[in-house]
Ligand SMILES: C[S@@+](CC[C@H](N)C(=O)[O-])C[C@H]1O[C@@H](n2cnc3c(N)ncnc32)[C@H](O)[C@@H]1O
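Residue numbers (my numbering): 180 to 490.
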């Protein structure tokens, strides 16, 4: 699939790609690589996702694209630092909270960027496909769902749109994220109310007494000083046999990534050590790379893990 072929196969995706190229023509080479080898099934899935992203963006698609471009620039700077030092720039949650999560001027465009990356980054699109089909689709009827760090709100909206989901909560440390999640649910016409709360996952007291059948932390563990403790919290929050969806990018420098996982296996081992049984793993290299190549050059790999709490 090459870009000129998109319109017939995927009209909404084609509209978004054209709008991106309009504002950022230099991104064509990357987008060519992203969609060049896409299968017909992958393209159909991208078109569905494009419909959701377009609905959330609404009249603000231009702003969302500018946020995406800004985010790509920030990540490029972090990548240069990572290649020079082998480390992420920041290591303390407090620093990131002050500079990013608590600053709407920084957080809002960043969330726009992450939203569009769900479509335009191969590893993100593949991960959300697994979340929809294999994770949500495998949950028991009447499941109670919690997402930590819903950010732009797309994943939480998919849970709330699932008739098998009885209730859904989205807890995030950033007021900007909670606002964006609420907006996304409204723009997608989700008629159900979500329990949206300002919570730091490191605050163990915030979770006492809660219990869920379905737990999600997508692109969150690498934002924590102690992801091992967060996984233990998830295990305590899990009802017997509850399922957990994790998406954790390894070797993935970003301004708010503070915990460096160097291999997908390190995430799997930590999940197991917290008490979960591994049900499924998928290691998804970033756009244009094979998994072998990504491992060899320490490029980003999204480690998707579906796990189960003890019965
Ligand atoms: C990269 S975004 C992920 C958004 C979405 N889940 C996804 O997969 O695209 C990370 C989110 O985690 C939130 N977050 C970071 N640290 C957190 C913490 N300690 N407790 C709760 N939420 C946190 C951020 O505010 C942000 O909304």
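Where a beta carbon is used, it is the ideal one built from N, C-alpha and C, also for glycine.
As the structure is a computational prediction, the values presented were derived from the model and not from experiment.
Nearest-angstrom Cα separation, counted from residue 184 out to residue 222: Taking the first residue of the chain shown as position 1, residue 222 is located at position 43. Taking the first residue of the chain shown as position 1, residue 184 is located at position 5. Here the C-alpha atom of residue 222 lies approximately 11 angstroms from the C-alpha atom of residue 184.
Whole-number beta carbon distance between residue 414 and residue 385, since they are thought to touch under 8 angstroms: On the chain shown, residue 385 is found 206 positions in, with the first residue counted as 1. On the chain shown, residue 414 is found 235 positions in, with the first residue counted as 1. At roughly 16 angstroms, the Cβ-Cβ gap does not stay under 8 angstroms, so residue 385 and residue 414 are not in contact.
Residue 257: CB within 6 angstroms of a non-hydrogen atom of ligand 1: Stepping through the chain shown from its first residue, residue 257 is reached at position 78. Not under cutoff, so the answer is no.
Closer than 6 angstroms: residue 380 CB and nearest ligand 1 heavy atom: The residue given as residue 380 occupies position 201 in the chain shown. Checking the Cβ of residue 380 against ligand 1 gives yes.
Reduced DSSP category for residue 422 - H, G, I as helix; E, B as strand; rest coil: As a first step, residue 422 must be located in the chain shown, where it is residue number 243. Strand, per DSSP.
7 angstroms Cβ shell around residue 373 - same chain, five flanking residues per side excluded: One-based indexing of the chain shown puts residue 373 at position 194. In the same chain as residue 373, and ignoring 5 residues on each side of it, the C-beta atoms closer than 7 angstroms to its own belong to 335, 339, 347, 348, 349, 364, in chain order.
Cβ neighbours of residue 443 in the same chain (closer than 6 angstroms, five flanking residues each side left out): Residue numbering aside, residue 443 sits at position 264 when the chain shown is read from its first letter. For residue 443, the CB contacts under 6 angstroms within the same chain, skipping 5 residues up- and downstream, are 429, 462, 480, 482 in chain order.
Three-state secondary structure (DSSP) of residue 259: In the chain shown, counting from the first residue as 1, residue 259 sits at position 80. Helix, per DSSP.
Check whether residue 327 and residue 399 have beta carbons under 7 angstroms apart: Residue mapping note: residue 327 aligns to position 148 of the chain shown, counting from 1. Residue mapping note: residue 399 aligns to position 220 of the chain shown, counting from 1. Yes, the pair counts as a contact, with Cβ atoms nearer than the cut-off.
Cα-Cα separation, residue 394 to residue 330: In the chain shown, residue 394 corresponds to position 215, counting from 1. In the chain shown, residue 330 corresponds to position 151, counting from 1. Annotation: residue 394 to residue 330 spans about 15 angstroms, alpha carbon to alpha carbon.
Candidates 240, 215, 244, 230: closest to residue 204 by CA position: Here residue 204 refers to the residue found at position 25 when the chain shown is read from its first residue. The shortest C-alpha separation from residue 204 is found at 244.
Terminal residues of the beta strand (DSSP E) in which residue 326 lies: Along the chain shown, read from residue 1 onward, the residue named residue 326 stands at position 147. That run of the beta strand (DSSP E) goes 322 to 327.
Proximity of residue 226 and residue 189 at Cβ, strictly below 7 angstroms: By one-based count along the chain shown, residue 226 stands at place 47. By one-based count along the chain shown, residue 189 stands at place 10. Cβ distance < 7 angstroms, so residue 226 and residue 189 count as in contact.
Spatial distance of residue 121 from residue 358 (CA atoms): Past the boundaries of the shown model lies residue 121; the chain is included only from 180 to 490, so the question cannot be answered.
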